[in-house]
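Scroll down for the structure; my scribbles are underneath it.
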Amino acid sequence: MQEGKLPDEIKPVMESGIPAIVVTCSADGIPNATIISHVQYVDQTHIALSFQFFNKTIRNVRENSNACVALNDVVANTKWVMDVQYEHSETDGPIFDEMDMRIEAIASASGMAGIFKLRAADFYVVRSVRKVSF
Amino acid sequence: MIPGKILNFLENLGTIAVSGTRDANLRPHVHYVSGWDVEPDKQTIRCSIHQAYSDHLLSSLEENGQFALTVEQIGSHETYQFKGSYVGLDQPTSADFAAHERMRDRFSKAVNQVFGLPADLGRAYISGPSLVIRFSVREIFLQTPGPGAGQRVFPPEERNAGR
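Those sequence lines, one after another, are chains E and D. With our numbering, the residue at position 27 of the first sequence is 27, and numbering never jumps. With our numbering, the residue at position 117 of the second sequence is 1117, and numbering never jumps.
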């Protein structure tokens, strides 16, 4: 377990184009597991997730800020599991613009151009990160 | 009961699955899934999980019973989320290992076709079952990206609800 500091080796995993997983929980205690197209590296203690149309995730983190994010590195046979906490959203700025471009590229590559529309970049602080490989 | 179209999806089309629980502090936890199978009552899903992804799993389920399973077909993006209640813990049976092998085959083919990754990497990525979570499905949600994402498909949403 690494407390809240993202190692450099996690950056290429975020940039690989392999979908990631987000698990959230509503205020009344119902978990929600979602597969998302992209996790954005912000700095050593923050990530951003795209707010497109996975509305239950968006609603959940606004009523219970806890979330768990898992990244997939198929080549290294490794998963990265992060406990994170929602902080705020941005609808413009450099992180938003970078995510918007990347999501459009992912959408085009997967035949879903025009469906993946970025509404906001949701910023999360990383509380812990662990690497799972065996 | 799980509708026939979705039973067919689970049996023949889903290529990757993840599950989620939450603990007493409402902190969510992710658990990668090694395979899934539907029991004869067409209401209970057997969800295989490797030991490496079982942190907080049993303690959370014994505390509150809430379980979510999301299954996607890589490529088409067809995705469903199953929410329900913990029924019990089992050891993997030969049928669970067979379900794991079917998922592994479909996953390795999909990541090869969609991401260009060698099929043997895909096979290695899906770990074998260590335990089986049985849960009773309460609701199913469509999660395929697009306008219908988030719609409950089982039980069907009432069209005039709230009017």
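Ideal Cβ placement from N, Cα and C applies to all residues, glycine included.
**Report entry** For residue 133 of chain E and residue 1153 of chain D, the rounded distance between their alpha carbons
**Finding:** Counting from 1 along the second sequence, the entry for residue 1153 of chain D is found at position 153. Counting from 1 along the first sequence, the entry for residue 133 of chain E is found at position 133. Roughly 36 Å separates the two Cα atoms.
Requested in this report: Please go through the segment 90-116 of chain E and give each complete alpha helix (DSSP H) segment of 4 or more residues, from N-terminal end onward.
Outcome: 94-109
Query raised in the report: Does the separation of the CB atoms of residue 1071 of chain D and residue 1134 of chain D fall below 7 Å?
Result: Position 71 of the second sequence holds residue 1071 of chain D. Position 134 of the second sequence holds residue 1134 of chain D. Contact flag unset, no.
Query raised in the report: With 7 Å set as the bound, which would you pick, yes or no: does the beta-carbon of residue 1030 of chain D sit closer than that to a beta-carbon of chain E?
Result: Taking the second sequence and counting its residues from 1, the one referred to as residue 1030 of chain D is at position 30. Closer than 7 Å to some Cβ of chain E, the Cβ of residue 1030 of chain D qualifies, so yes.
Query - contact_flag[the segment 1017-1032 of chain D, the segment 13-28 of chain E] where n(CB pairs < 8 Å) is 3 or more - result: yes
Query raised in the report: Going straight from the alpha carbon of residue 107 of chain E to that of residue 1080 of chain D, what length do you get?
Result: Within the first sequence, residue 107 of chain E is the residue found at index 107, counting from 1. Within the second sequence, residue 1080 of chain D is the residue found at index 80, counting from 1. If you take the alpha carbons of residue 107 of chain E and residue 1080 of chain D, they lie about 20 Å apart.
Query raised in the report: So who's on the other strand from residue 152 of chain E, going by DSSP bridges?
Result: Past the edges of chain E, shown from 1 to 134, lies residue 152 of chain E, and the structure says nothing about it.
Query raised in the report: Taking any Cβ of chain D, which residues in the segment 87-113 of chain E have a Cβ under 8 Å from it, in chain order?
Result: 110 and 112
Query - At least three beta-carbon pairs within less than 8 Å, the segment 1116-1128 of chain D to the segment 1061-1076 of chain D - result: no
Requested in this report: State whether the segment 83-90 of chain E contacts the segment 123-131 of chain E, with contact taken as three or more CB pairs (one from each stretch) at a distance under 8 Å.
Outcome: yes
Report task. Report the neighbours of residue 1008 of chain D on chain E: residues whose CB is nearer than 8 Å to its CB, in chain order. Result -> Working through the second sequence from its first residue, we reach residue 1008 of chain D at position 8. Within 8 Å Cβ-Cβ: nothing; residue 1008 of chain D doesn't reach chain E, min ~20 Å.
Query - Close-in-space but distant-in-sequence residues of the same chain around residue 1139 of chain D (CB under 8 Å, 5 per side omitted) - result: Taking the second sequence and counting its residues from 1, one reaches residue 1139 of chain D at position 139. Answer for residue 1139 of chain D: 1082, 1083, 1084, 1152, 1154 and 1155, listed in chain order.
Query raised in the report: Taking just the CA atoms, how far does residue 65 of chain E sit from residue 131 of chain E?
Result: Indexing the first sequence from 1 puts residue 131 of chain E at position 131. Indexing the first sequence from 1 puts residue 65 of chain E at position 65. Each residue's Cα considered, the two are about 23 Å apart.
**Report entry** Against chain D: residues of the segment 3-15 of chain E by CB proximity under 7 Å
**Finding:** none
Report task. Using three-state DSSP, classify residue 1078 of chain D as helix, strand or coil. Result -> As a first step, residue 1078 of chain D must be located in the second sequence, where it is residue number 78. In this structure, residue 1078 of chain D counts as coil in the three-state DSSP scheme.
Requested in this report: Measuring alpha carbon to alpha carbon, tell me which of E:10, E:6, E:68 and E:39 ends up nearest residue 98 of chain E.
Outcome: For the purposes of this step, residue 98 of chain E is taken as the residue at position 98 of the first sequence. Answer by Cα proximity: E:39.
Query raised in the report: Based on the DSSP secondary-structure assignment, which residues constitute the bridge partners of residue 33 of chain E?
Result: As a position in the first sequence, residue 33 of chain E is number 33, starting the count at 1. In DSSP, residue 33 of chain E forms a bridge with E:23.
Query - Rounded distance between the beta-carbons of residue 41 of chain E and residue 163 of chain E, thought under 8 Å - result: What is shown of chain E runs 1 to 134, which leaves residue 163 of chain E out entirely.
Query raised in the report: Going by beta carbon distance, what residues of the same chain come within less than 8 Å of residue 1030 of chain D, once the five residues before and after it are set aside?
Result: Position 30 of the second sequence holds residue 1030 of chain D. Result list for residue 1030 of chain D: 1018, 1019, 1020 and 1053, in chain order.
**Report entry** Beta-carbon neighbours of residue 1125 of chain D, restricted to chain E and to distances below 7 Å
**Finding:** Here residue 1125 of chain D refers to the residue found at position 125 when the second sequence is read from its first residue. Ordered by position in chain E, the residues that pass the 7 Å Cβ test against residue 1125 of chain D are 74 and 77.
Query raised in the report: Is the Cβ of residue 84 of chain E closer than 7 Å to any Cβ of chain D?
Result: Locating residue 84 of chain E in the first sequence gives position 84, where the first residue counts as 1. No, because no Cβ of chain D sits closer than 7 Å to the Cβ of residue 84 of chain E.
Query raised in the report: Which value, in whole angstroms, describes the spacing of the CA atoms of residue 1090 of chain D and residue 1127 of chain D?
Result: Within the second sequence, numbered from 1, the residue matching residue 1090 of chain D stands at position 90. Within the second sequence, numbered from 1, the residue matching residue 1127 of chain D stands at position 127. Distance between the alpha carbons of residue 1090 of chain D and residue 1127 of chain D is about 17 Å.
Report task. Anything in chain E within Cβ reach of residue 1064 of chain D, meaning under 8 Å, just list it in chain order. Result -> Counting from 1 along the second sequence, the entry for residue 1064 of chain D is found at position 64. Correct list: 29.
Query raised in the report: If the cut is a Cβ gap below 7 Å, which residues of chain D does residue 24 of chain E touch?
Result: The residue labelled residue 24 of chain E in the question sits at position 24 within the first sequence. Chain D residues near residue 24 of chain E: 1028.
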